[in-house]
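Visitor: Residues are numbered in this note's numbering as their position in the sequence shown, beginning at 1, plus a constant of 500. C-beta atoms are modelled at their ideal positions from N, C-alpha and C, and glycine is treated no differently. I have a structure I would like to understand better, so I am pasting it below and will then ask my questions one at a time.
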Amino acid sequence: MRNKLQILDRKSLKSKVMKKYLAFSFIILFFLPVFGIFNDYEPSSRARGMSGAVTSFSDDYSAIFYNPAGLRYGGNQVGATYYQLFGLDFTTLSAISGSYETKFGTFGLGYQALNVEYYDINLMSEQTFSLGHSFYLNRDVITETSLGYSLNVYYLSFHEQGHETSIGINAGMMAVLHQRTRIGIMLTNINKPKMGEGEKHEIPQKLAVGISYTPYQGVITAVDLKKNLDGETELRTGVEVELHPMMSLRMGVRNNPASYSFGAGFKVIGIHLDYSLNTHAVLDLTHHIGLGYKF
């Protein structure tokens, strides 16, 4: 009887080990080629509601992820977001960030983590730690320009396979023209960071250029062009309408791949609650929620 139990225990253990490494193989062969390493996962629920077209006016606690120049307009804020990418219950993205205004400009901190888990085992983790700074280059009655930069520490780990780190530098600019038009530029990883041993893997370099226009108070229309310097250009468009000082609605469209997004934001006594929904041509919906506080 004891021998039979030992055989069953060995089979059970072997089965668990096989499941773990099959899952690990699945991640390597499918997940990484589709989504890439340190891709643009968009940790802001507000930005996702507008299909990511926020390069020219990102001015909340998540600005450090989209354009560090926008930190100058955010003041003192802190917030966090969470979602399961494309509804996949084994992969989650969480982020926390904040900004603080001083006489030397506005400083920002950010952290985001993409984790892939299976049977309570963290098979893969992509973590990014960010430190940013923004300041006014010029400011008058008609126009104003802010510059910003951020330092990112990338940390990639695989279960029982080790880990790698790298450092990237981002830089951005944001200009306000005649109070209604905004222009933004963001360059990601300008120092061409790489990761790995032997054959190095380059962390994506991206250039984003955006313009937004406010035809009426409480209405923002935005267009972004975002290009992976080794790939295609992506077009993003978004609209945000403030129905009430406490409530805003958002929507957006993008290509590569074609996707639609919808969202809503609520403000109560400095508390921000945001929700967004993204479609995908092949994969399931992504539901995204964010919570922030302005003090």
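Are the CB atoms of Asn-576 and Lys-767 nearer to each other than 8 Å?
Guide: Counted from its first residue, the sequence shown places residue 576 at position 76. Counted from its first residue, the sequence shown places residue 767 at position 267. Not a contact, by the Cβ cut-off of 8 Å.
Visitor: Is Arg-736 buried or exposed, if buried means 16 or more other CB atoms sit within 10 Å of its CB?
Guide: Mapped onto the sequence shown, residue 736 falls at position 236. Answer is buried; the Cβ neighbour count reaches 16.
Visitor: Cβ atoms of Gly-792 and His-772: under 8 Å apart, would you say?
Guide: Position 272 of the sequence shown holds residue 772. Position 292 of the sequence shown holds residue 792. Yes, they are a contact pair.
Visitor: Indicate the three-state DSSP secondary structure (helix, strand or coil) for Phe-565 in the structure shown.
Guide: By 1-based counting over the sequence shown, the position of residue 565 is 65. Note: Phe-565 maps to helix in three-state DSSP.
Visitor: Please report the residue range of the beta strand (DSSP E) in which Gly-605 lies.
Guide: One-based indexing of the sequence shown puts residue 605 at position 105. Per DSSP, the continuous beta strand (DSSP E) segment holding Gly-605 begins and ends at 605-618.
Visitor: For Gly-696, I'd like the list of residues in its chain whose CB is within less than 7 Å of its CB, leaving aside the five on either flank, ordered along the chain.
Guide: Counting from one through the sequence shown, the residue named residue 696 turns up at place 196. Around Gly-696: Glu-664.
Visitor: Keeping to the same chain, check which residues put their C-beta closer than 6 Å to that of Ala-563; ignore five residues upstream and five downstream.
Guide: Stepping through the sequence shown from its first residue, residue 563 is reached at position 63. Cβ neighbours of Ala-563 beyond the five flanking positions: Gly-570, Leu-571, Gly-574.
Visitor: Quick check on this structure: which residue in Lys-694, Asp-724, Phe-604, Tyr-716 has the alpha carbon closest to the alpha carbon of Leu-707?
Guide: The residue you call residue 707 lines up with position 207 of the sequence shown. Among Lys-694, Asp-724, Phe-604, Tyr-716, the Cα nearest to that of Leu-707 belongs to Asp-724.
Visitor: Count the CB pairs spanning the region 621-634 and the region 648-660 that are closer than 8 Å, and state whether there are at least three.
Guide: yes
Visitor: Identify every run of the beta strand (DSSP E) within the region 639-676, keeping only runs that are complete inside it and at least 3 residues long; order them along the chain.
Guide: You should have 643-658.
Visitor: Just verifying my parser: in three-state terms, what is the DSSP assignment at Leu-754?
Guide: What you label residue 754 is simply residue 254 of the sequence shown in a count that begins at 1. Correcting the residue type first, residue 754 is Arg in the shown sequence and not Leu. Strand, per DSSP.
Visitor: If we count the other Cβ atoms within 10 Å of its Cβ and call it buried at 16 or more, is Asn-691 buried or exposed?
Guide: As a working note, residue 691 is residue 191 in the sequence shown. Classification for Asn-691: exposed.
Visitor: Taking its Cβ as the centre, do 16 or more other Cβ atoms sit within 10 Å of His-788, making it buried, or is it exposed?
Guide: Within the sequence shown, numbered from 1, the residue matching residue 788 stands at position 288. His-788 comes out buried.
Visitor: Rounded to the nearest angstrom, what separates Ile-775 and Ile-667 at their Cα positions?
Guide: Your numbering for residue 775 matches position 275 in the sequence shown. Your numbering for residue 667 matches position 167 in the sequence shown. In the sequence under discussion, the amino acid at residue 775 is Tyr, which differs from the Ile named in the question. Those two C-alpha atoms are separated by around 31 Å.
Visitor: Can you give me the start and stop residues for the alpha helix (DSSP H) that Gly-549 sits inside?
Guide: Within the sequence shown, the letter at position 49 stands for residue 549. The continuous alpha helix (DSSP H) containing Gly-549 extends over residues 545-549.
Visitor: Hey, how far is the Cα of Ser-558 from the Cα of Phe-586?
Guide: Within the sequence shown, the letter at position 58 stands for residue 558. Within the sequence shown, the letter at position 86 stands for residue 586. Straight-line Cα distance between these residues: approximately 24 Å.
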